[in-house]
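Q: Line order of the protein sequences matches chains C and F.
In this text, residue positions in the first sequence follow the working numbering: the first is 1, and each later residue adds one.
In this text, residue positions in the second sequence follow the working numbering: the first is 1001, and each later residue adds one.
All residues carry an ideal CB built from backbone N, CA and C; glycine is no exception.
This is the structure, below, for whatever I ask next.
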Amino acid sequence: MARQTRACVWCRGGPDETMTKRYGALALALVTALALVVPWLSPYRHDAIDLSSIKDPPGATHWMGTDELGRDVATRVLTGTRLSLVIGLLGALVATSIGAGLGALAGYYGGLVDAMLMRLVDLQLSVPLLPILIVASALMRPSVALLVLMVAAFAWMEPARITRGELLRLKEQEFTEAARAIGASDARVIMKYLLPNALGPLSVAATILVGRVIVLESVLSFLGLGVQPPEPSLGNLLYGAQASLATEPWLAIFPGMFIFWIVLSVNLLGDELRQ
Amino acid sequence: MGAYILGRLLRTIPLFLGLSLIIFALIHAAPGGPLTVYLSNPNVTPEDIARLERNLGLDRPLPLQYVSWLTGFMKGDWGYSYVDGRPVLDRILERAPATLELMVSAFVLALFVALLLGSLAALWQGSWLDRLVSSASIVGISIPTFWLGLILQLVFAVELRWLPTAGRMGPVSGGDRIAYLVLPVLTLGLFYAASWIRYIRASLCETLGKNFVRAGRARGLPESGVLIGHALPSALFPLITVLALDFALLFSGAVVTETVFAWPGMGTLLVDSVFRRDYSVLMGILMAGSALIVISNLLADIAYGAADPRVRLVQGRTR
């Protein structure tokens, strides 16, 4: 009984107090550093074919083994990590910008603008996301840039809702009124006074989005629809890995482990930021 | 209540129209159009394609095509597969049970696990169990579903040989059938179990501090009575919406899971049809997926409104 009442004070921190000691930021920094440094320091090129060492298991010379063309998996995985990180960051940035812009319009102006934009959010949230992306990327055979835009086009709703909610709250406060009183235009009030104050919750959503975009990209590439070979991405390295699961399991293990690592670090980071 | 349900029902109509418009536009924006599949076939002449376009109504203006497609869709005429000429609705309906079996099993398992672990973690906040469950849940929401599927296959099917790698057994055999179901269900369910654990734990933690819970304890109710009779119903009530939304999202997860495990459901049909450019089947599956989401949202709203009269009043006014 006594434990119960005391425990409620503990509860304040939210579900993940136990794992939030900046491990997220640390893990993300580490994987980014590896992705930047390893392909550069590695004695192998990510696309260098070596027919004398085909399908070598992980060992001293090739830490993550080699693939069916004798290419070094470690170098390929970390080159792919670089691309996946770029796609994740860009996708989250684009989605958050679209969401912040539309959410700000809805929250600030309210009324018809708000009603219409929120109906659009409802509509987009009802789209079967992955099936639509699978069909769209099969039909359009997107470049990496188009892929980022496509994913962002279906991921801006959460930032939009958050910005709208924040602006609804902030626009009633006195500093907004003061800004208007000194003659600031609507655009200036939104950009200079309101949006900066919404950045906190928005950055949490953006962080989580990085992970979601990376997972979406890797699923599409895993199906052979996203980033196209020979350019390695964490997803397309897994394409075909299933067929050789019994004989060369390392081809399936390592790329996925890095997706998992990145997503876990951004989720931890999101929880840390939330507090 | 009747007016509330009617209002919700009416709101799904523009939503559904919007979704159908997105799907129609997407398919028709494709380079080459719906008949691309025949262009590379040496036995099909340009005249054949022109005749096909006329027969299928593809030479009419797009808005007309949209209207006739949508009215046909509402009447149950979903068109014919370009690949084998069978009705799209038949092809989808024969795959739907496998997908639903997978989704429902994963949903039930995830909910059971989440209720159990989420409640335990909330009850013993700060204990080693809570730390373990909370850590496991953030790991669970971070594992990419398709990779988890590959790893489970590697461990339990390839290395240990406890379970079959992929596929599905027909409705006759009992034990074997479950053996085929285990890995796909674990793959699909883990993410949702983990995310619901976080939700249930947070919600229950908050509720356990409320006055009515303390009042229950003060009346001398046993701890289990307080939990089951008072705290849980109140804490789980907001979960209705999350569950309904997530059930629809399970469809996306099922597509991936089915592909990894060669599960003969709508997901593998979608991926096959994508590679065969079977546009009418693609449109059918996308529409079925959208309908699933719209209907789950509607049911969630109705359940929510039925359970809490305030929702009916407030949402009726502001939204």
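At which residues does the alpha helix (DSSP H) containing Ala184 (chain C) begin and terminate?
A: Looking at the DSSP string, Ala184 (chain C) is not in any alpha helix (DSSP H), and its letter there is neither H nor E.
Q: Given a cut-off of 7 Å, decide if Leu1154 (chain F) and Pro57 (chain C) are closer than it, judged by their beta-carbon atoms.
A: The answer is no: Cβ separation not under 7 Å.
Q: For a contact defined as C-beta to C-beta under 7 Å, what are the partners of Asp122 (chain C) on chain F?
A: Ordered by position in chain F, the residues that pass the 7 Å Cβ test against Asp122 (chain C) are Leu1015.
Q: Within the chosen definition, does the region 150-168 of chain C reach the region 230-245 of chain C through at least 3 CB pairs nearer than 8 Å?
A: No: the two stretches stay apart, fewer than three of their Cβ pairs being nearer than 8 Å.
Q: Nearest by alpha-carbon distance to Arg1217 (chain F): which of F:Glu1206, F:His1230 and F:Cys1205 is it?
A: Nearest option by C-alpha distance: F:His1230.
Q: Quick one: which unbroken beta strand (DSSP E) runs of 3-plus residues sit fully inside the region 43-73 of chain C? Chain order, please.
A: Here no run is fully enclosed.
Q: Which runs of the alpha helix (DSSP H) at least 4 residues long sit entirely within the region 178-262 of chain C? Give them in chain order.
A: 195-222 and 234-238, all fully within the region 178-262 of chain C.
Q: Between which two residues does the alpha helix (DSSP H) carrying Gly1167 (chain F) extend?
A: That residue, Gly1167 (chain F), is in no alpha helix (DSSP H); it is neither H nor E in DSSP.
Q: What whole-angstrom Cβ distance do Ile1197 (chain F) and Val1139 (chain F) have, given they're in contact under 8 Å?
A: That pair is no contact at about 11 Å.
Q: Should Ile997 (chain F) be flagged as near chain C, meaning a C-beta pair shorter than 7 Å?
A: Outside the displayed span of chain F (1001 to 1319) sits residue 997 (chain F), for which this structure offers no information.
Q: Grouping DSSP H, G and I as helix and E and B as strand, with all else coil, what is Tyr1180 (chain F)?
A: The answer is helix: DSSP assigns Tyr1180 (chain F) an H, G or I state.
Q: Under 6 Å Cβ to Cβ from Ser84 (chain C), same chain only, skipping five residues before and after it: list those, please.
A: The residues are Ile214, Ser233 and Leu234.
Q: Between the C-alpha atoms of Met19 (chain C) and Leu225 (chain C), what's the straight-line distance to the nearest angstrom?
A: Residue placement at Met19 (chain C) cannot be trusted, given a pLDDT of 49 that sits under 50; what the coordinates show is reported in the next sentence. Straight-line Cα distance between these residues: approximately 36 Å.
Q: What does the Cβ neighbour count give for Phe260 (chain C), buried or exposed, with the cut at 16 atoms within 10 Å?
A: That one is buried.
Q: For Asn267 (chain C), return the contacting residues in chain F, with the cut-off set at a CB-CB distance below 8 Å.
A: Neighbours of Asn267 (chain C) on chain F, chain order: Ile1138, Ile1141 and Ser1142.
Q: State the DSSP-derived secondary structure class of Pro39 (chain C), mapped to helix, strand or coil.
A: If DSSP states are grouped into helix, strand and coil, Pro39 (chain C) belongs with the helices.
Q: Looking at C-beta atoms only, is the number of pairs between the region 184-191 of chain C and the region 140-147 of chain C that lie closer than 8 Å three or more?
A: No, the region 184-191 of chain C does not touch the region 140-147 of chain C.
Q: Can you give the Cα-Cα distance for Leu1298 (chain F) and Gln1125 (chain F), rounded to whole angstroms?
A: Approximately 35 Å, taken between the alpha carbons.
Q: Counting along the chain, where does the alpha helix (DSSP H) carrying Leu1286 (chain F) start and finish?
A: From DSSP, the alpha helix (DSSP H) with Leu1286 (chain F) extends over Tyr1279 to Ala1307.
Q: Any Cβ of chain F within less than 7 Å of the Cβ of Pro159 (chain C)?
A: No, no contact with chain F.
Q: Rounding to the nearest angstrom, what Cα-Cα distance links Asp72 (chain C) and Thr66 (chain C) in this structure?
A: Computed Cα separation, rounded: 5 Å.
Q: Looking only at its own chain, which residues have a Cβ that is under 7 Å from the Cβ of Arg1319 (chain F), when we skip the five neighbours before and after it?
A: Because the pLDDT of Arg1319 (chain F) is 40, which lies under 50, any placement of that residue in the model is unreliable, and the number read from its coordinates should be weighed accordingly. Around Arg1319 (chain F): no qualifying Cβ.
Q: Give the range of the alpha helix (DSSP H) segment to which Asp1246 (chain F) is assigned.
A: First-last of the alpha helix (DSSP H) with Asp1246 (chain F): Leu1239 to Phe1261.
Q: Anything in chain C within Cβ reach of Phe1024 (chain F), meaning under 7 Å, just list it in chain order.
A: Result: empty, since nearest Cβ-Cβ is about 12 Å, beyond 7 Å.
Q: At 8 Å on the CB atoms, spell out the chain F contacts of Ile132 (chain C), in chain order.
A: Those within 8 Å of Ile132 (chain C) in chain F are Ile1022, Ile1023, Leu1026 and Leu1286.
Q: Rounded to a whole number of angstroms, what is the C-alpha to C-alpha distance between Glu177 (chain C) and Arg274 (chain C)?
A: Approximately 28 Å, taken between the alpha carbons.
Q: Please go through the same chain and pick out, in chain order, the residues whose beta-carbon is closer than 6 Å to the beta-carbon of Leu90 (chain C), but skip the five residues on each side of it.
A: Taken in chain order, the residues that qualify are Val148.
Q: Skipping 5 residues on each side, what residues in its chain have a beta carbon closer than 7 Å to that of Ala1244 (chain F)?
A: If we look at Ala1244 (chain F) and ignore the five residues flanking it on each side, its Cβ neighbours are Ser1296, Asn1297, Leu1299 and Ala1300.
Q: Please tell me whether Leu28 (chain C) has its Cβ less than 7 Å away from any Cβ of chain F.
A: It does not: the Cβ of Leu28 (chain C) has no partner Cβ on chain F nearer than 7 Å.
Q: If we ignore side chains and look at the alpha-carbon of each, how far apart do Phe1212 (chain F) and Tyr1304 (chain F) end up?
A: Between Phe1212 (chain F) and Tyr1304 (chain F), the C-alpha separation is close to 21 Å.
Q: Give me the chain F residues within the contact set of Phe154 (chain C), using Cβ-Cβ distance strictly less than 7 Å, ordered along the chain.
A: Within chain F, no residue comes near Phe154 (chain C); the closest Cβ sits about 10 Å away, beyond 7 Å.
Q: Quick check on Tyr1080 (chain F): does DSSP put it in helix, strand or coil?
A: Three-state result, Tyr1080 (chain F): strand.
Q: By the three-class DSSP mapping on this structure, what secondary structure does Pro1087 (chain F) have?
A: It is a strand residue.
Q: With DSSP as the reference, label Asn1055 (chain F) as helix, strand or coil.
A: Looking at Asn1055 (chain F) - three-state DSSP - the assignment turns out to be helix.
Q: Please confirm whether Val965 (chain F) and Ser1273 (chain F) have their CB atoms less than 7 Å apart.
A: Examination of residue 965 (chain F) is not possible in this model, given that chain F is present from 1001 through 1319 alone.
Q: By a C-beta neighbour count over all protein chains shown, 10 Å radius and 16 as the cutoff for buried, is Phe1247 (chain F) buried or exposed?
A: Buried.
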